[in-house]
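Numbered continuously in our numbering, the sequence shown closes out at residue 291. Even for Gly, the Cβ is constructed at its ideal location relative to N, Cα and C. Every value quoted in this text rests on a predicted model; they were computed, and no experiment measured them.
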Amino acid sequence: MQKPVLIIKLGSAVISSNDGAINVALIKKLVEEVVTLSREYNIVMVSSGAVGSGKAFIKNYKGTLIERKAAAAVGNPILIRLYDKYFSRHGINVAQALCERHHFSNRLQFVQLKETFAEFWKHDIMPVVNENDLVSNVELKFSDNDELATLIAVGFDAETLIICTSVGGFMDDKKQIIPLVENINGVIMGFVSTDKSSLGLGGMLSKLTFTRLATSLGIKVIMCGLKGDNPFAAAIAGKSGTTFTAKKSNLKARQKWLASGSITIGS
Numbered sequence: 025m026q027k028p029v030l031i032i033k034l035g036s037a038v039i040s041s042n043d044g045a046i047n048v049a050l051i052k053k054l055v056e057e058v059v060t061l062s063r064e065y066n067i068v069m070v071s072s073g074a075v076g077s078g079k080a081f082i083k084n085y086k087g088t089l090i091e092r093k094a095a096a097a098v099g100n101p102i103l104i105r106l107y108d109k110y111f112s113r114h115g116i117n118v119a120q121a122l123c124e125r126h127h128f129s130n131r132l133q134f135v136q137l138k139e140t141f142a143e144f145w146k147h148d149i150m151p152v153v154n155e156n157d158l159v160s161n162v163e164l165k166f167s168d169n170d171e172l173a174t175l176i177a178v179g180f181d182a183e184t185l186i187i188c189t190s191v192g193g194f195m196d197d198k199k200q201i202i203p204l205v206e207n208i209n210g211v212i213m214g215f216v217s218t219d220k221s222s223l224g225l226g227g228m229l230s231k232l233t234f235t236r237l238a239t240s241l242g243i244k245v246i247m248c249g250l251k252g253d254n255p256f257a258a259a260i261a262g263k264s265g266t267t268f269t270a271k272k273s274n275l276k277a278r279q280k281w282l283a284s285g286s287i288t289i290g291s
């Protein structure tokens, strides 16, 4: 029996220390849990952090577009080596996948991408995905990795998409985590702050926008934090974070691909 697909999205803010460097101890802990979950799921990790890993090597870094591209190019191998270091201790190899929008907007390229990931899972290889910042055109970039993770979740017919947040879930106007959201309506949207992470490009508005897309296409979305020994398992069990329930969708794979918006830009 084929295992269900689980997408885990880790943003820069949640895997970085206060100084902006990658939190190595946290990565080690998360890898250990992902290894356990991989017995039940085919997993894709969508991980930011390349810019944070590489910016120390860019002299007088000010965060310009070109500097971010350079930092990402330097940081990507650093980040992937870190994941490989800890996954290899469990006999799991890591594959780095640097994606661009055309990998999703072009149907043939998308199908090839999907087939390649299926091959990874056959051989117990963990795909770690990020956007290819070095060559991504500004107009054709993903809005952030929330969008990238959602396109992967929809395209790969994932059962669950986990989006990790620094606040531990989705909060109401009293800063309390809402454990279950069945409909993303005006009330829910009214709780959203437009603030963005200083380390990344996304904010809660982005997360909620793509959560609404994913749930409308039959994917359960969970927003959770990374505290505790097994934060993903706790979130999947409904013990932490916010679960956004999936809507029933009768669309076929190609229809979901079209509905995901993968070809709305750059087509």
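Sequence-distant residues of the same chain with beta carbon closer than 8 Å to Gly224, five excluded per side: If you number the sequence shown from 1, residue 224 lands on position 200. Summary for Gly224: the model assigns pLDDT 43, below 50, so the residue's position carries little reliability; its value from the coordinates is reported in the next sentence. Excluding residues within five positions, the ones whose Cβ falls inside 8 Å are Gly35, Ser36, Ala37, Ser72, Asp168 and Asn169.
Under 8 Å, do Val178 and Lys272 count as touching if we go by C-beta distance? Reading the sequence shown from its first residue, position 154 is the one you call residue 178. Reading the sequence shown from its first residue, position 248 is the one you call residue 272. No, they are not a contact pair.
Separation of Ile243 from Pro28, as counted between CA atoms: As a working note, residue 28 is residue 4 in the sequence shown. As a working note, residue 243 is residue 219 in the sequence shown. Those two C-alpha atoms are separated by around 11 Å.
Exposed or buried, Ile32, counting other C-beta atoms within 10 Å across all chains shown (16 or more means buried)? Position 8 of the sequence shown holds residue 32. Flag for Ile32 reads buried.
Starting from Ser112 and walking both ways along the alpha helix (DSSP H), at which residues does that stretch end? Within the sequence shown, the letter at position 88 stands for residue 112. It spans Leu89 to Ser112 - the alpha helix (DSSP H) in which Ser112 sits, taken as one unbroken run.
Beta-carbon within less than 6 Å of Lys79's beta-carbon, same chain only, minus the 5 sequence neighbours each way: which residues are those? Locating residue 79 in the sequence shown gives position 55, counting from the first residue. These residues qualify, in order along the chain: Tyr85 and Ala95.
Exposed or buried, what is Ser230 when buried is set at 16 or more other beta-carbons lying within 10 Å of its beta-carbon? Taking the first residue of the sequence shown as 1, we reach residue 230 at position 206. So Ser230 ends up on the buried side.
Measure from the alpha carbon of Leu103 to the alpha carbon of each residue in Glu91, Ser77, Cys123 and Lys83, then state which is nearest. Reading the sequence shown from its first residue, position 79 is the one you call residue 103. Ser77 is the residue among Glu91, Ser77, Cys123 and Lys83 whose C-alpha sits nearest the C-alpha of Leu103.
CB of Leu255 within 8 Å of CB of Gly262, strictly: Locating residue 255 in the sequence shown gives position 231, where the first residue counts as 1. Locating residue 262 in the sequence shown gives position 238, where the first residue counts as 1. For the sequence presented, residue 255 should be read as Pro rather than Leu. In terms of Cβ geometry, Pro255 and Gly262 do not form a close pair [threshold 8 Å].
Measure the CB-CB distance between Ala121 and Pro151 and report whether it falls below 8 Å. Against the sequence shown, residue 121 aligns to sequence position 97. Against the sequence shown, residue 151 aligns to sequence position 127. Going by C-beta atoms, Ala121 is nearer than 8 Å to Pro151.
Over what stretch of residues does the beta strand (DSSP E) that includes Phe81 continue unbroken? Residue 81 sits at position 57 when you count from the first residue of the sequence shown. Phe81 -> no beta strand (DSSP E), and no H or E assigned at all.
Got a sec, what are the start and stop residues for the alpha helix (DSSP H) Pro255 sits in? Translated into the one-based positions of the sequence shown, residue 255 becomes position 231. First-last of the alpha helix (DSSP H) with Pro255: Pro255 to Ile260.
Buried/exposed call for Val68, threshold 16 Cβ in 10 Å: By one-based count along the sequence shown, residue 68 stands at place 44. Val68 comes out buried.
Distance, Cα to Cα, Gly227 vs Lys199? The residue given as residue 227 occupies position 203 in the sequence shown. The residue given as residue 199 occupies position 175 in the sequence shown. Between Gly227 and Lys199, the C-alpha separation is close to 16 Å.
Among all the DSSP beta bridges, which residues are the ones paired with Val118? Start at 1 with the first residue of the sequence shown, and residue 118 comes out as number 94. Under DSSP, Val118 takes part in a beta bridge, and its partners are Met150.
So His126 and Gln133 are in contact, right, with Cβ under 8 Å, and what is the actual spacing, rounded? Counted from its first residue, the sequence shown places residue 126 at position 102. Counted from its first residue, the sequence shown places residue 133 at position 109. Between His126 and Gln133 a beta carbon distance of about 6 Å is seen, short of the 8 Å cut, so the two are scored as contacting.
Lys276 beta carbon near the ligand ZN (any heavy atom closer than 7 Å): The ligand ZN is not among the ligands present in this structure, which contains no ligands whatsoever.
Suppose you measure from the CA of Lys83 to the CA of Leu158; what does that come to, to the nearest Å? Residue 83 sits at position 59 when you count from the first residue of the sequence shown. Residue 158 sits at position 134 when you count from the first residue of the sequence shown. Rounded to whole angstroms, the gap between the alpha carbons of Lys83 and Leu158 is 18 Å.
Does the beta-carbon distance from Thr269 to Glu206 come in below 8 Å? Here residue 269 is taken as the residue at index 245 of the sequence shown, counted from 1. Here residue 206 is taken as the residue at index 182 of the sequence shown, counted from 1. Result yes, Cβ atoms of Thr269 and Glu206 sit closer than 8 Å.
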